[in-house]
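Notes to accompany the following structure.
Chains as they are written, first to last, in the UniProt record's numbering: chain A, 1 to 336; chain B, 1 to 504.
Spelled out as structure tokens, the structure:
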């Protein structure tokens, strides 16, 4: 008996440490990267540079907040995100001729529509979320190229100089003259997302679904609706990101948003959200997004090219997923 | 007999925390013998056989195969010693072909790399011939053959390793009458070939048909081994139950109220047919039956988890349609699943989160979930059910089986149900947890809740129930009223072939 209780005690301590690392590990990582950056370059630890870091990943953050709901619900990731970013941006540019409000609204509605389709197919018909959303991304890509004949579209050609300026300036607004609007939107979404996850019926039930879909169903949770809502929120966030990205790059194009899927998942998992679902929070995702920003910044300061940076990002993704699976297996043992 | 036993177990024991699952058991099987192993759930049959399969490396006692001592500390060692197991759940990969399944792990190859198709067909045919399935094409996927053929393929697969000892655990639970006869014929043939067969079943009639000797286990001990010709079914049941005086039924002085739930002609085709019964407030209605009797399916259908094809559910005089669990909960019908680990509890969440899971919608004000409303409920449930450790923030997966089961019960108690359907509420729990759960169930009935108790634990059914319904193969055969309800009566009723005498 003594041996057993000792073992439990040890396990408990180990789980506690593991839990702590999972919750705050990403902020330790940020600290390490900050120290590393400072050692590498004296340009690193300046307010300007750090502000740039956050600015550079704010769009990714906006998208990641949305995808987090999907991951948290145990449905891994929404891979249709790049498609939604491109499509909603292009629709927004196309509709700009009817005014800025119509443009923004139609961009968001576009995201909502794709989200509804995902919600129905994954939530109701129980399709494999990864395969399905990949297929959606693929189809959207085809549709966009067909609609616009594979060309990029320019706001000024579509709606004239005045509206185009308004649209392009959208993502360039600085709140209080200092904080870019993308950063503000990102932070507001993190806060709203965190409240949704922890304080609402949706969030609490989503946690149950993420922990065990069958149990949630057998407990009377409207699993179809809740999972659907997660995909809708993901698509909406992606369309917000898509409109802002399009405004920032001044061009609507089918390739806008490429890579946002994997980078979002990397940030989410870095932030301590379990790929198996039911675990994690938005504050962690905020950290995960910042880590990606810092990493890119440091690599740039080191003179590493964009392509090589992609390799590093890929490696980080593999590492993070491996670690996540590893700790899950440990957890799985505890389940048995 | 001066033969050397194919298998001899001498004073074997296996201890689990808190209980001796197998306690000093002697057990032997001779070549060419079918030795049946019977006992109630939790008597230690499965543990004894798991020991044989090499699942434990810490059993005590000696095991001899063909007179030589062996230490069966891993499944590989057990297999190498000629032990083959056939479980209730088939271990076949359904999309793969029969050949691939039968020869799994030893597919014939030539030149090291390439599959030898000719040898593959020949070997599979040879294996299939031993179970009279040689009419099947070895390249048919398993999912395209019938259930009973799959069961025989499973046996062929086991025989392919040339075992000395074959253990069959409830091999007939999914088979029809004729298919069982065929299986028995094949078992007879294997016997003649000198195989030693251990046959585990709850169907006592089958045992009289197929076995040469029978061993009875109870509470981890072997009660006795007898030649099948020297014993009657009644005597066997008495040995399994272990008392000639029947268990006292507590239900006698319970006061019953109005009918709360009535079910009329309820059917889910293929699972249960034309089931009619009613439950009163404060009543505990037991449902007994063997595996495959349709008891769980009935419970799931009433609580909206599975669809209903025909019939009516009437709650307090009002006809209702239950489309899903959420609706069932609104009507005050709760269903405790038999599958705690995958359907009952979110093992990665805390005790508190699990207990409050069904109450989330009720504890919301507008959009906001008011977690603190539940704190008192959680504390009360932990106290009432003696959940240990009494810590609401403990991860449920780290609790013992008994305490997990208490959390599962607590989760449904928290909803304050009018009708509570319990499906195997004490499966696999220790005796302490069992007593707690039984007390909670009785208290619930005393508060006027209508309880439907589905259980394979017959002493439990007899002790708690006011009446026991008997189900077999999807049909309701009748009921045994509380006064006449003894373990023997229930065991006889679920095993017997004809209608039961007590049908009301």
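C-beta: ideal position from N, C-alpha, C; glycine also.
Report the neighbours of residue 364 (chain B) on chain D: residues whose CB is nearer than 7 Å to its CB, in chain order.
Looking for chain D here will not work: the only protein chains present are A and B.
Starting from the Cα of residue 214 (chain A), find the closest Cα among B:24, B:341, B:20 and B:394 and give me that residue.
Nearest C-alpha to residue 214 (chain A): B:341.
Do the region 65-85 of chain A and the region 227-234 of chain A touch if we need at least three Cβ pairs shorter than 8 Å?
The region 65-85 of chain A, when compared against the region 227-234 of chain A, does touch it at the 8 Å Cβ threshold.
What are the complete beta strand (DSSP E) segments, minimum 3 residues, inside the region 454-503 of chain B?
Complete beta strand (DSSP E) runs here, min 3: 467-472 and 475-481.
What did DSSP end up calling residue 71 (chain B) once you bin it into helix, strand or coil?
It is coil, neither helix nor strand.
Using CA atoms only, rank isn't needed, just tell me which of B:394, B:395 and B:442 is closest to residue 384 (chain B).
That would be B:442, whose Cα lies nearest to the Cα of residue 384 (chain B).
Any C-beta of chain B sitting closer than 8 Å to the C-beta of residue 5 (chain A)?
Caution applies to residue 5 (chain A), whose pLDDT of 47 falls short of 50 and renders its modelled position unreliable; the value that the coordinates give is listed next. So no, residue 5 (chain A) is outside the interface.
Where does the unbroken alpha helix (DSSP H) through residue 414 (chain B) begin, and where does it stop?
Taken as a continuous stretch (DSSP letters only), residue 414 (chain B) belongs to no alpha helix (DSSP H), as it is neither H nor E.
Does any CB atom of chain B fall closer than 8 Å to the CB of residue 246 (chain A)?
No, residue 246 (chain A) lies away from the interface with chain B (no Cβ there is under 8 Å from its Cβ).
Using 10 angstroms around the beta-carbon of residue 11 (chain B), count the other beta-carbons present and answer buried if the total reaches 16, otherwise exposed.
It is exposed - the Cβ of residue 11 (chain B) has fewer than 16 other Cβ atoms within 10 Å.
List, in order along the chain, the chain B residues whose C-beta lies closer than 7 Å to that of residue 204 (chain A)?
Within 7 Å Cβ-Cβ: 360 and 369.
Could you round the C-beta distance between residue 333 (chain B) and residue 419 (chain B) to whole angstroms and report it? I think they count as a contact, below 8 Å.
Sure, about 5 Å apart at Cβ, within 8 Å.
Quick check on DSSP: helix, strand or coil for residue 209 (chain B)?
Three-state DSSP puts residue 209 (chain B) in a helix.
Where are the beta strand (DSSP E) runs, 3 residues long or more, that stay fully inside the region 333-388 of chain B, in chain order?
Here the runs fully enclosed are 333-336.
What does the alpha-carbon distance come out to for the pair residue 306 (chain A) and residue 300 (chain A)?
Distance between the alpha carbons of residue 306 (chain A) and residue 300 (chain A) is about 8 Å.
Can you tell me which of A:90, A:209 and A:208 puts its alpha carbon nearest to the alpha carbon of residue 153 (chain A)?
Out of A:90, A:209 and A:208, A:90 has the C-alpha closest to the C-alpha of residue 153 (chain A).
At least one CB of chain A closer than 8 Å to the CB of residue 349 (chain B): is that the case?
Interface residue, yes.
Nearer than 7 Å: is that true of the beta carbon of residue 495 (chain B) relative to any heavy atom of the ligand COA?
Looking for the ligand COA in the displayed structure turns up nothing, as the structure carries no ligands at all.
Going along the chain, which residues of the region 407-432 of chain B sit with their C-beta nearer than 8 Å to a C-beta in chain A?
Flagged, chain order: 411.
Hey, how far is the Cα of residue 245 (chain B) from the Cα of residue 430 (chain B)?
Bear in mind that the predicted position of residue 245 (chain B) carries a pLDDT of just 38, short of 50, making it unreliable; the figure below should be weighed with that in mind. Spanning the two alpha carbons is a distance of roughly 24 Å.
For residue 156 (chain A) and residue 351 (chain B), what's the separation of their Cα atoms in angstroms?
Roughly 59 Å between the two C-alpha positions.
Bridge partners of residue 169 (chain B), per DSSP?
Per DSSP, B:200.
For a quick check, are the C-beta atoms of residue 286 (chain A) and residue 61 (chain A) less than 8 Å apart?
The answer is yes: Cβ separation under 8 Å.
Mind checking who residue 35 (chain B) pairs with in its DSSP beta bridge?
Answer is B:198 and B:213, bridged to residue 35 (chain B).
Looking only at its own chain, which residues have a Cβ that is under 7 Å from the Cβ of residue 428 (chain B), when we skip the five neighbours before and after it?
Cβ within range, chain order: 401.
Determine the direct distance from the alpha carbon of residue 490 (chain B) to that of residue 213 (chain B), and round the result to whole angstroms.
Using only the alpha carbons, I get a separation of about 24 Å.
Please state whether DSSP places residue 312 (chain B) in a helix, a strand or coil.
In this structure, residue 312 (chain B) counts as strand in the three-state DSSP scheme.
Which residues mark the beginning and the end of the alpha helix (DSSP H) in which residue 227 (chain A) is found?
Residues 223-249.
Since I believe residue 149 (chain B) is in contact with residue 175 (chain B) (beta carbons under 8 Å), could you give me their beta-carbon distance rounded to a whole number of angstroms?
Wrong, their Cβ atoms sit about 10 Å apart, outside the cutoff.
Should residue 188 (chain B) be labelled buried (16 or more other beta-carbon atoms within 10 Å of its own) or exposed?
Label assigned to residue 188 (chain B): exposed.
Given that a residue counts as buried once 16 or more other Cβ atoms are within 10 Å of its Cβ, and exposed if not, what is residue 128 (chain A)?
Counting Cβ neighbours within 10 Å, residue 128 (chain A) comes out exposed, since fewer than 16 surround it.
Does any residue of chain A bring its CB to less than 8 Å from the CB of residue 305 (chain B)?
Yes, residue 305 (chain B) lies at the interface with chain A (some Cβ there is under 8 Å from its Cβ).
Got a sec: is the Cβ-Cβ distance from residue 329 (chain B) to anything in chain A below 8 Å?
For residue 329 (chain B), the answer is yes, since a Cβ of chain A falls inside 8 Å of its Cβ.
Put residue 54 (chain B) into one of helix, strand or coil per three-state DSSP.
It is coil, neither helix nor strand.
Okay, do the region 75-90 of chain B and the region 232-244 of chain B touch, 3+ Cβ pairs below 8 Å being the bar?
As far as the Cβ criterion goes, the region 75-90 of chain B does not touch the region 232-244 of chain B, which means the pair count is below three.
Using DSSP with H/G/I as helix, E/B as strand and the rest coil, what is residue 230 (chain B)?
Residue 230 (chain B): helix per DSSP, three-state reduction.
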